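Heads up: take any position in the sequence shown, counting from 1, add 8, and you land on the numbering used here.
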Amino acid sequence: MSGYKEIALRESCFRPGSTLCPGCMESIALQNVGRVTDNGVKTVFTLGTSCAEVSSLAFPNVVAWGRDYRSPDDYAKSFSILHNVFESAPTLAEATRDVADILHDYGAMSQPIQVIAASGDGGALAIGLRSFLHTISRRSRVTLLVLVNEIFANTGFQYSPATMPFADTSTTPAMDGSLGNTRMPLDYIHLAIAAGAGMVSQVSPAYGKLYMTAVERSLKCKETAVIFVPAPCISGWKFEDGETVRIAELGAQCGVFPSFIWEKGKGGSVKDCPREQADRPKIENFLGSQRRFHHLVRKNPETGAYEARPERAADVESLRGWVQSNVERLYKLAELT
Ligand SMILES: Cc1ncc(C[n+]2csc(CCOP(=O)(O)OP(=O)(O)O)c2C)c(N)n1
Ligand code: SF4
Numbered sequence: 009m010s011g012y013k014e015i016a017l018r019e020s021c022f023r024p025g026s027t028l029c030p031g032c033m034e035s036i037a038l039q040n041v042g043r044v045t046d047n048g049v050k051t052v053f054t055l056g057t058s059c060a061e062v063s064s065l066a067f068p069n070v071v072a073w074g075r076d077y078r079s080p081d082d083y084a085k086s087f088s089i090l091h092n093v094f095e096s097a098p099t100l101a102e103a104t105r106d107v108a109d110i111l112h113d114y115g116a117m118s119q120p121i122q123v124i125a126a127s128g129d130g131g132a133l134a135i136g137l138r139s140f141l142h143t144i145s146r147r148s149r150v151t152l153l154v155l156v157n158e159i160f161a162n163t164g165f166q167y168s169p170a171t172m173p174f175a176d177t178s179t180t181p182a183m184d185g186s187l188g189n190t191r192m193p194l195d196y197i198h199l200a201i202a203a204g205a206g207m208v209s210q211v212s213p214a215y216g217k218l219y220m221t222a223v224e225r226s227l228k229c230k231e232t233a234v235i236f237v238p239a240p241c242i243s244g245w246k247f248e249d250g251e252t253v254r255i256a257e258l259g260a261q262c263g264v265f266p267s268f269i270w271e272k273g274k275g276g277s278v279k280d281c282p283r284e285q286a287d288r289p290k291i292e293n294f295l296g297s298q299r300r301f302h303h304l305v306r307k308n309p310e311t312g313a314y315e316a317r318p319e320r321a322a323d324v325e326s327l328r329g330w331v332q333s334n335v336e337r338l339y340k341l342a343e344l345t
């Protein structure tokens, strides 16, 4: 594996002009994918419609992604982007890999390529679930990056299959006595393993070293590698910019989206998130950090700590139970080989 400092000094894949919100976690996630893939191998990146995708171009003349202004013929530095429809980034990545392999087998292409598909959780886990699972089940040698901001952000912050219970979204509003999202999130890590992925990880870019290691290991995987990237969304989760990394660390440590790396044949591990609830930060701290949960918690005027609103105490307890089951499930999945 490459050293963290060496990777950090490589070129990212952003040029001036990205329209991601200032402080968006996806920006940190993607720039570091750019650095890891600046490894001398041509990168082909398929992008499903999402915040990431629309941020990469601005009509009529801004191309905000790429390594400087190099030509696609510059194999060592090229970061090519194939834009495509919302739900099909994994399928296009799989097709790219197949064509490259055939050209290579027939001697028409001598250079290797690395292929990554990026989608939001709406693209990968709702409308694009078929494409996502099919690519995994075919063991296609590509990396699927899923930027999990738990909503369809780009079209107005609608609920997705990854939305946390009780979250306030535009289609599950917490108002006039409504509780916010009442559905349980899809068990997407388990699903990716069950579908046959060679490697599955859930790592926040807030843990820079671990994140870059996960991306680098995924690129070396002989089957489909899936990286779920928890991506706190300033506008949808409703917090101030400057808080992104702190919220990402808190979410990982209190058990909402623990860091997890698993590889077929080797098993996996959960990092920085103890199995026992008492050893983790309280879920109230995470809920209080975002206004999408302020119908559940309030700040104690004397201590300044977040606590359950009395009328929502039972809901916060059930959320605590969901977090514990989430942590338990990942510890059990880590034992699978
Ligand atoms: C077939 C189809 N349906 C709907 C849309 C509209 N659309 C574009 S992006 C998007 C939401 C994307 O959500 P997600 O994948 O979670 O990415 P995010 O915007 O959160 O980054 C939708 C519904 C579309 N482009 N194509
Ligand atoms: S809406 Fe959310 S996910 Fe989209 S660019 Fe802004 S902060 Fe990032």
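The beta-carbon is built from N, C-alpha and C at its ideal position, and this holds for glycine as well. Just so it is clear, the structure is predicted and the values come from calculations on it, not from any experiment.
Return the residue from the list the options that minimises the CA-CA distance to residue i.
{"i": "residue 251", "options": "261, 240, 260 and 244", "result": "240"}
{"i": "residue 153", "options": "173, 292, 162 and 222", "result": "222"}
{"i": "residue 275", "options": "208, 235 and 246", "result": "208"}
{"i": "residue 120", "options": "341, 193 and 48", "result": "48"}
{"i": "residue 271", "options": "298, 229 and 187", "result": "229"}
{"i": "residue 4", "options": "171, 55, 224 and 312", "result": "Here the chain comprises residues numbered 9 to 345, so residue 4 is not present and cannot be evaluated."}
{"i": "residue 193", "options": "144, 246, 129 and 185", "result": "129"}
{"i": "residue 147", "options": "112, 105 and 296", "result": "105"}
{"i": "residue 236", "options": "248, 195, 254 and 311", "result": "195"}
{"i": "residue 212", "options": "253, 336, 151 and 9", "result": "253"}
To the nearest angstrom, how far is the alpha carbon of residue i from that of residue j?
{"i": "residue 28", "j": "residue 110", "result": "36 Å"}
{"i": "residue 243", "j": "residue 339", "result": "32 Å"}
{"i": "residue 202", "j": "residue 158", "result": "22 Å"}
{"i": "residue 308", "j": "residue 18", "result": "46 Å"}
{"i": "residue 88", "j": "residue 200", "result": "26 Å"}
{"i": "residue 123", "j": "residue 231", "result": "12 Å"}
{"i": "residue 94", "j": "residue 140", "result": "12 Å"}
{"i": "residue 278", "j": "residue 299", "result": "28 Å"}
{"i": "residue 257", "j": "residue 215", "result": "8 Å"}
{"i": "residue 303", "j": "residue 46", "result": "44 Å"}
{"i": "residue 96", "j": "residue 187", "result": "33 Å"}
{"i": "residue 233", "j": "residue 54", "result": "15 Å"}
{"i": "residue 69", "j": "residue 39", "result": "21 Å"}
{"i": "residue 329", "j": "residue 316", "result": "14 Å"}
{"i": "residue 291", "j": "residue 246", "result": "17 Å"}
{"i": "residue 72", "j": "residue 79", "result": "15 Å"}
Am I right that residue i and residue j are in contact with their C-beta atoms under 8 Å? What's the rounded C-beta distance?
{"i": "residue 294", "j": "residue 197", "result": "Their Cβ separation, rounded to whole angstroms, is 19 Å, which puts residue 294 and residue 197 out of contact at 8 Å."}
{"i": "residue 42", "j": "residue 20", "result": "4 Å"}
{"i": "residue 25", "j": "residue 66", "result": "6 Å"}
{"i": "residue 169", "j": "residue 133", "result": "5 Å"}
{"i": "residue 60", "j": "residue 155", "result": "6 Å"}
{"i": "residue 44", "j": "residue 224", "result": "5 Å"}
{"i": "residue 175", "j": "residue 189", "result": "5 Å"}
{"i": "residue 334", "j": "residue 263", "result": "6 Å"}
List the residues that DSSP assigns as beta-bridge partners of residue i.
{"i": "residue 91", "result": "55"}
{"i": "residue 333", "result": "Looking at the DSSP assignment, residue 333 forms no beta bridge with any residue, so it has no partner."}
{"i": "residue 275", "result": "271"}
{"i": "residue 151", "result": "124 and 233"}
{"i": "residue 73", "result": "22"}
{"i": "residue 316", "result": "305"}
{"i": "residue 238", "result": "156"}
{"i": "residue 50", "result": "121"}
{"i": "residue 65", "result": "71"}
{"i": "residue 10", "result": "Answer is none; residue 10 lacks a bridge partner."}
Practice prompt. Could you tell me which uninterrupted alpha helix (DSSP H) segments, each at least 4 residues in length, are contained entirely in the segment 108-133, listed from first to last along the chain?
Written response: none
Worksheet item: Considering only residues of the segment 151-234, which uninterrupted beta strand (DSSP E) runs meet the minimum length of 3 residues and lie entirely inside it, listed in chain order?
Response: Entirely contained in the segment 151-234, the beta strand (DSSP E) runs reaching 3 residues are, in chain order, 151-156 and 207-210.
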